[in-house]
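Novice:
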Amino acid sequence: MELNEANLQTLTEFLRKTLDPDPAIRRPAEKFLESVEGSQNYPILLLTLLEKSQDNVIRVCAAVTFKNYIKRNWRIVEDEPNKISEQDRISIKANIVNLMLRSPEQIQKQLSDAISIIGREDFPQKWPDLLTEMVTRFQSGDFHIINGVLRTAHSLFKRYRHEFKSNELWLEIKLVLDTFAQPLTVLFKATIELCQTHSTDVNALKVLFSSLTLISKLFYSLNFQDLPEFFEDNMETWMTNFHNLLTLDNKLLQTDDEEEAGLLELLKSQICDNAALYAQKYDEEFQPYLPRFVTAIWNLLVTTGQEVKYDLLVSNAIQFLASVCERPHYKHLFEDQNTLTSICEKVIVPNMEFRSADEEAFEDNSEEYIRRDLEGSDIDTRRRAACDLVRGLCKFFEGPVTGIFSGYVNSMLVEYAKNPGVNWKHKDAAIYLVTSLASKAQTQKHGITQANELVNLTEFFVNHILTDLKSSNINEFPVLKADAIKYVMIFRSQLPKEQLLQAVPLLVIHLQAESTVEHTYAAHALERLFTMRGANTPTLITPAEMAPFTDQLLTNLFKALALPGSSENEYIMKAIMRSFSLLQEAIVPYVPTLIGQLTHKLLLVSKNPSKPHFNHYLFESLCLSIRITCKANPVTVGSFEEALFPVFTEILQNDVQEFVPYVFQVMSLLLEIHSDSIPASYMALFPHLLQPVLWERTGNIPPLVRLLQAYLEKGGASIAGNAADKIPGLLGVFQKLIASKANDHQGFYLLNSIIEHMPAEAITQYRKQIFILLFQRLQSSKTTKFIKSFLVFINLYCVKYGAIALQEIFDSIQPKMFSMVLEKIVIPEVQKVSGQVEKKICAVGITKVLTECPAMMDTEYTKLWTPLLQALIGLFELPEDDSIPDDEHFIDIEDTPGYQTAFSQLAFAGKKEHDPIGDAVINPKILLAQSLHKLSTACPGRVPSMLSTSLNAEALQYLQGYLQAASVQLV
Numbered sequence: 005m006e007l008n009e010a011n012l013q014t015l016t017e018f019l020r021k022t023l024d025p026d027p028a029i030r031r032p033a034e035k036f037l038e039s040v041e042g043s044q045n046y047p048i049l050l051l052t053l054l055e056k057s058q059d060n061v062i063r064v065c066a067a068v069t070f071k072n073y074i075k076r077n078w079r080i081v082e083d084e085p086n087k088i089s090e091q092d093r094i095s096i097k098a099n100i101v102n103l104m105l106r107s108p109e110q111i112q113k114q115l116s117d118a119i120s121i122i123g124r125e126d127f128p129q130k131w132p133d134l135l136t137e138m139v140t141r142f143q144s145g146d147f148h149i150i151n152g153v154l155r156t157a158h159s160l161f162k163r164y165r166h167e168f169k170s171n172e173l174w175l176e177i178k179l180v181l182d183t184f185a186q187p188l189t190v191l192f193k194a195t196i197e198l199c200q201t202h203s204t205d206v207n208a209l210k211v212l213f214s215s216l217t218l219i220s221k222l223f224y225s226l227n228f229q230d231l232p233e234f235f236e237d238n239m240e241t242w243m244t245n246f247h248n249l250l251t252l253d254n255k256l257l258q259t260d261d262e263e264e265a266g267l268l269e270l271l272k273s274q275i276c277d278n279a280a281l282y283a284q285k286y287d288e289e290f291q292p293y294l295p296r297f298v299t300a301i302w303n304l305l306v307t308t309g310q311e312v313k314y315d316l317l318v319s320n321a322i323q324f325l326a327s328v329c330e331r332p333h334y335k336h337l338f339e340d341q342n343t344l345t346s347i348c349e350k351v352i353v354p355n356m357e358f359r360s361a362d363e364e365a366f367e368d369n370s371e372e373y374i375r376r377d378l379e380g381s382d383i384d385t386r387r388r389a390a391c392d393l394v395r396g397l398c399k400f401f402e403g404p405v406t407g408i409f410s411g412y413v414n415s416m417l418v419e420y421a422k423n424p425g426v427n428w429k430h431k432d433a434a435i436y437l438v439t440s441l442a443s444k445a446q447t448q449k450h451g452i453t454q455a456n457e458l459v460n461l462t463e464f465f466v467n468h469i470l471t472d473l474k475s476s477n478i479n480e481f482p483v484l485k486a487d488a489i490k491y492v493m494i495f496r497s498q499l500p501k502e503q504l505l506q507a508v509p510l511l512v513i514h515l516q517a518e519s520t521v522e523h524t525y526a527a528h529a530l531e532r533l534f535t536m537r538g539a540n541t542p543t544l545i546t547p548a549e550m551a552p553f554t555d556q557l558l559t560n561l562f563k564a565l566a567l568p569g570s571s572e573n574e575y576i577m578k579a580i581m582r583s584f585s586l587l588q589e590a591i592v593p594y595v596p597t598l599i600g601q602l603t604h605k606l607l608l609v610s611k612n613p614s615k616p617h618f619n620h621y622l623f624e625s626l627c628l629s630i631r632i633t634c635k636a637n638p639v640t641v642g643s644f645e646e647a648l649f650p651v652f653t654e655i656l657q658n659d660v661q662e663f664v665p666y667v668f669q670v671m672s673l674l675l676e677i678h679s680d681s682i683p684a685s686y687m688a689l690f691p692h693l694l695q696p697v698l699w700e701r702t703g704n705i706p707p708l709v710r711l712l713q714a715y716l717e718k719g720g721a722s723i724a725g726n727a728a729d730k731i732p733g734l735l736g737v738f739q740k741l742i743a744s745k746a747n748d749h750q751g752f753y754l755l756n757s758i759i760e761h762m763p764a765e766a767i768t769q770y771r772k773q774i775f776i777l778l779f780q781r782l783q784s785s786k787t788t789k790f791i792k793s794f795l796v797f798i799n800l801y802c803v804k805y806g807a808i809a810l811q812e813i814f815d816s817i818q819p820k821m822f823s824m825v826l827e828k829i830v831i832p833e834v835q836k837v838s839g840q841v842e843k844k845i846c847a848v849g850i851t852k853v854l855t856e857c858p859a860m861m862d863t864e865y866t867k868l869w870t871p872l873l874q875a876l877i878g879l880f881e882l883p884e885d886d887s888i889p890d891d892e893h894f895i896d897i898e899d900t901p902g903y904q905t906a907f908s909q910l911a912f913a914g915k916k917e918h919d920p921i922g923d924a925v926i927n928p929k930i931l932l933a934q935s936l937h938k939l940s941t942a943c944p945g946r947v948p949s950m951l952s953t954s955l956n957a958e959a960l961q962y963l964q965g966y967l968q969a970a971s972v973q974l975v
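Residue 623 in our numbering sits at position 619 of the sequence shown, and the numbers go up by one each step.
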């Protein structure tokens, strides 16, 4: 694309269309942008627009599009096309920092993100001057520019908080510290002085305080991995100023907004985080400063109000206390009973209260409430922090703390009992307190796994939880109902089974509650209970125990999807999936009606897929209904196809990218159920599956390969007879896959199915070319994964067509090629083959080469006979060799960036492992013994003499064992 006015104009129009709410206008525009993003100058055109366009909406849209383009395409992935030319890369890096610093804040944020994405790949090796270019701007004195630099540095360095330690990381951090730490400290001191100079100018203070917050965040990132020498030497400067800022209160910076945290709160929150980091990781060096931070943070907690804007500050301050009280060093600070009582009374109890803001979120923003409460993204909530502080204190003071809180819990429950309608929040706080006190260790899979012995969970369940669950009005006190359901869910591993069974029918009733939180929790609790393992049964709750409630369960789950706010509720869909999985054939009578509801739902969500988890569980539920029903009665597969194919056709025609891989998996499952031939409806689709565009997307590859394998398995002969012109297309797919290190194993899956299921004559003309392609790939890049797959393939070929055919095809490519393959690949590498079926194929193939290939006995190949036998005995007896050469880097398929939705495997569409040899060979060791016996009968004396001269003693001993087991002898 040329850099000219016409192209800028075109791009502007398409960007405008991508903002159109009408999909008929928006989708084609998105497709157009996708089609041109590989063109040279495309990113430069976007940067020109975001700099020069007169329309602010277009500027912001260009900035967002540019950032997403960088996110998808900057990383260079082996075997994937590189969409950004070297010239564009150089040009972007040369201009982007300047452009970012000159742009208004909204655009500056997008470009800052883009710089950090580029930096993650290119800094420091390929972008060595990035930091110096940024640091020099600190001298500019212009805080719009300085904050742009700080924001970019923050997005660049924050990954240091979660990267694993490595030499490479140390070197990078050292480089950053050498360039950045000193100027950052100078800027920190200068900014604090400017705050004093401008203490009455509110606009100047706002800019300066946002700088101080960013500087504090950078301090956290740069100190996270280890305590840098520079910061240790300058600890006095940093900690004294941090302490002063914590105690500072400037009236000008106080906001009237009750919801949104102001600059002062954000800065103090970050300082609490920094102090907690030092208290946890560098307690020895931080010890002189700790008491004054504890005092300052304690005062902060006691004087800060209950408004939402202080939530982050309060939760970080409490987290600081929680991290301090867990360290043996600081135990003495908390030992006094009065201190503990004071913490409980002034910090923990007030911050566990259910506030009106929480009530609003519960009613009006249920999705966010659930995310925080159930999924643990409540890191920054007061309740979660208070709960962590209780756990921290219980580490050394479990008895006294449990004692203090038991008093509180009892008085709260007494208050509630006096007037439930008014005082229900007291009971909510009591339940939360009991939960915090009782939970010592928790996992996603099992809920609470370790509980405080001083709390009687069962008694509390019977006296206070069951009453709410049994209440006749499920819509009264929804918060308490949700609390009760959550209690069952998190203590499911601690409560006796009879109480869980008592809860199940009650939870099923709560699926009908009007409150989104309440019916979501009910679905989630049922789903978790259904996954619990029993002592002697696969699941704790058996299908027989569920029989009385099955009808109600399925009815209420599907009704719940119709409740306002829950049409795409992932917890309900997951509960549907889990119920199907638990109930198995008990769902068969319901499937005819349920499948209609599931396909209708699929049709609706495919118009605009927005909830990936919901969609995943929807497809899993479809797979389960197919599996379970067809297991009982395979003929019903046709009725599933009737129900699903119209929706699938629409998804494939509209190219709904998120759903295409799922559709292929479900189609594979359906096709694999058919007994022997491919129905016409599938044959019509076959040519479309070979279109190159489908194979461009990484996410499509595994399910498409599996679908093609199903076609070959069910109708290799009919493809050869009726669609022989498609065989080159099929081999074209194999050729594309084999060239990629990430997907070569998928190419082999396809090739193995072609060899196994296609009639021999259909592929005769292509065989030699297939081997040549494999050799070219072996020469260009020989990875362990490729060699393992290659070994399985040549042995499968040998099993299918015979050892002579294998030897002849190798030697037809190049004389003596067969011996090179045996010597350089089969003998040294066969130990690396993994998997039962794969090992069996190799064992049978090698046995055939040893005993059915005359050339092995009568030519210069004979010298390889004993080493090959030794390698085979090694495959049987030695542990698998799973070593990988040092210089070999496996690409993880999930890592490939880009549009392609990473492939999501459907658990319930799983494919049974297929053994191409099957019952023809039960025990390969016996087969080897019998084949050697047969060979020795044909040429007496030869085999024993070859064995006695060059097979090592241990291998010979194993071989004697096989001969004995097979009751044969060598002659």
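Where is the CB? At the ideal position from N, CA and C, for every residue including glycine.
Measuring CA to CA, which of Leu325, Gln310, Arg375, Glu884 is closest to Glu833?
Specialist: The residue with the shortest Cα to Cα distance from Glu833 is Glu884.
Novice: If we call anything under 8 Å between Cβ atoms a contact, is Leu393 one with Ala442?
Specialist: no
Novice: Based on Cα-Cα distance, which residue from Glu9, Lys313, Pro696, Leu795 lies nearest to Asp261?
Specialist: Nearest neighbour of Asp261 by Cα position, chosen from Glu9, Lys313, Pro696, Leu795, turns out to be Lys313.
Novice: Over the uninterrupted alpha helix (DSSP H) stretch that includes Lys422, give me the two end residues.
Specialist: Its alpha helix (DSSP H) spans residues 386-422.
Novice: Taking the C-alpha atoms as reference points, what is the distance between Thr16 and Gly703?
Specialist: 31 Å
Novice: With Asp277 as the anchor, note down where its alpha helix (DSSP H) starts and where it stops.
Specialist: 267-285
Novice: Leu19: which of Lys35, Gly266, Leu7 sits nearest, CA to CA?
Specialist: Lys35
Novice: Pull up the CB-CB distance for Leu951 and Thr855, whole angstroms please, since I reckon it's below 8 Å.
Specialist: 13 Å between Cβ atoms; not a contact.
Novice: Which of the three DSSP states, helix, strand or coil, is assigned to Ser116?
Specialist: helix
Novice: Using the three-state DSSP reduction, which class does Ser443 fall into: helix, strand or coil?
Specialist: strand
Novice: For Gln291, count neighbouring C-beta atoms within 10 Å of its own C-beta (all shown protein chains included) and say buried if the count is 16 or more, exposed if not.
Specialist: exposed
Novice: Figure out for me which residue from Glu137, Lys501, Leu873, Gly266 has the closest Cα to the Cα of Pro187.
Specialist: Measuring from the Cα of Pro187, the nearest candidate turns out to be Glu137.
Novice: Using only the alpha-carbon positions, how far apart do Ala390 and Asn254 sit?
Specialist: 27 Å
Novice: Using a Cβ-Cβ cutoff of less than 7 Å, which residues in the same chain neighbour Phe690 once the five nearest sequence positions on both sides are dropped?
Specialist: Tyr715, Ala727, Lys730
Novice: Just tell me which of Asp919, Ile817, Ile94 has its CA closest to the CA of Leu778.
Specialist: Ile817
Novice: Exposed or buried, which one is Pro706 when buried takes at least 16 other CB atoms within 10 Å?
Specialist: buried
Novice: Going by C-alpha to C-alpha distance, which of Ile791, Glu760, Met861 sits closest to Ala942?
Specialist: Of Ile791, Glu760, Met861, the residue nearest in Cα terms is Met861.
Novice: Leaving out five residues before and five after Ala365 in sequence, what residues of the same chain have Cβ atoms less than 7 Å from its Cβ?
Specialist: Glu372, Tyr373
Novice: So, under 8 Å CB-CB, Glu289 and Met239 are touching, yes? Tell me the CB distance rounded to an integer number of Å.
Specialist: Going by Cβ atoms, the distance from Glu289 to Met239 rounds to 7 Å, so yes, they are a contact pair.
Novice: Using a Cβ-Cβ cut-off of 8 Å (strictly less than) and excluding sequence neighbours within five positions of Glu269, which residues of its own chain qualify?
Specialist: Lys313, Tyr314, Leu316, Leu317
Novice: Which first and last residues belong to the alpha helix (DSSP H) in which Lys335 is found?
Specialist: Unbroken run through Lys335: none, as it is neither H nor E.
Novice: Is the beta carbon of Gln91 closer than 8 Å to that of Gln44?
Specialist: yes
Novice: Out of curiosity, what's the CA-to-CA distance linking Asp815 and Arg771?
Specialist: Each residue's alpha carbon lies about 13 Å from the other.
Novice: Is it true that the CB of Leu209 sits closer than 8 Å to the CB of Leu257?
Specialist: Cβ atoms of Leu257 and Leu209: closer than 8 Å.
Novice: Exposed or buried, which one is Asn278 when buried takes at least 16 other CB atoms within 10 Å?
Specialist: buried
Novice: DSSP three-state call for Ile817: helix, strand or coil?
Specialist: helix
Novice: Going by Cα to Cα distance, which pick from Val660, Asp24, Phe649 is closest to Ser614?
Specialist: Val660
Novice: Do Ala118 and Ile74 count as a contact pair if the criterion is CB distance below 8 Å?
Specialist: yes
Novice: Report yes if the C-beta distance between Cys348 and Ile408 is below 8 Å; otherwise report no.
Specialist: yes
Novice: Inspect the CB distances between the stretch 865-883 and the stretch 820-836 and report whether three or more fall short of 8 Å.
Specialist: yes
Novice: Report buried or exposed for Leu267, applying the criterion of at least 16 other Cβ atoms within 10 angstroms of its Cβ.
Specialist: buried
Novice: Give me the Cα-Cα distance between Gln968 and Ser935, rounded to the nearest whole angstrom.
Specialist: Going from the Cα of Gln968 to the Cα of Ser935 covers about 14 Å.
Novice: Within 10 Å of its beta-carbon, does Thr953 have 16 or more other beta-carbons around it, so buried, or fewer, so exposed?
Specialist: With fewer than 16 Cβ atoms within 10 Å of its Cβ, Thr953 is classed as exposed.
Novice: For Ser908, which option in Tyr962, Leu963, Leu708 has the closest C-alpha, if you only look at C-alpha atoms?
Specialist: Leu708
Novice: If you follow the alpha helix (DSSP H) that Thr554 is in, where does it begin and where does it stop?
Specialist: Looking at the DSSP string, the run of the alpha helix (DSSP H) that includes Thr554 is 554-564.
Novice: If we call anything under 8 Å between Cβ atoms a contact, is Phe464 one with Val438?
Specialist: Contact flag set, yes.
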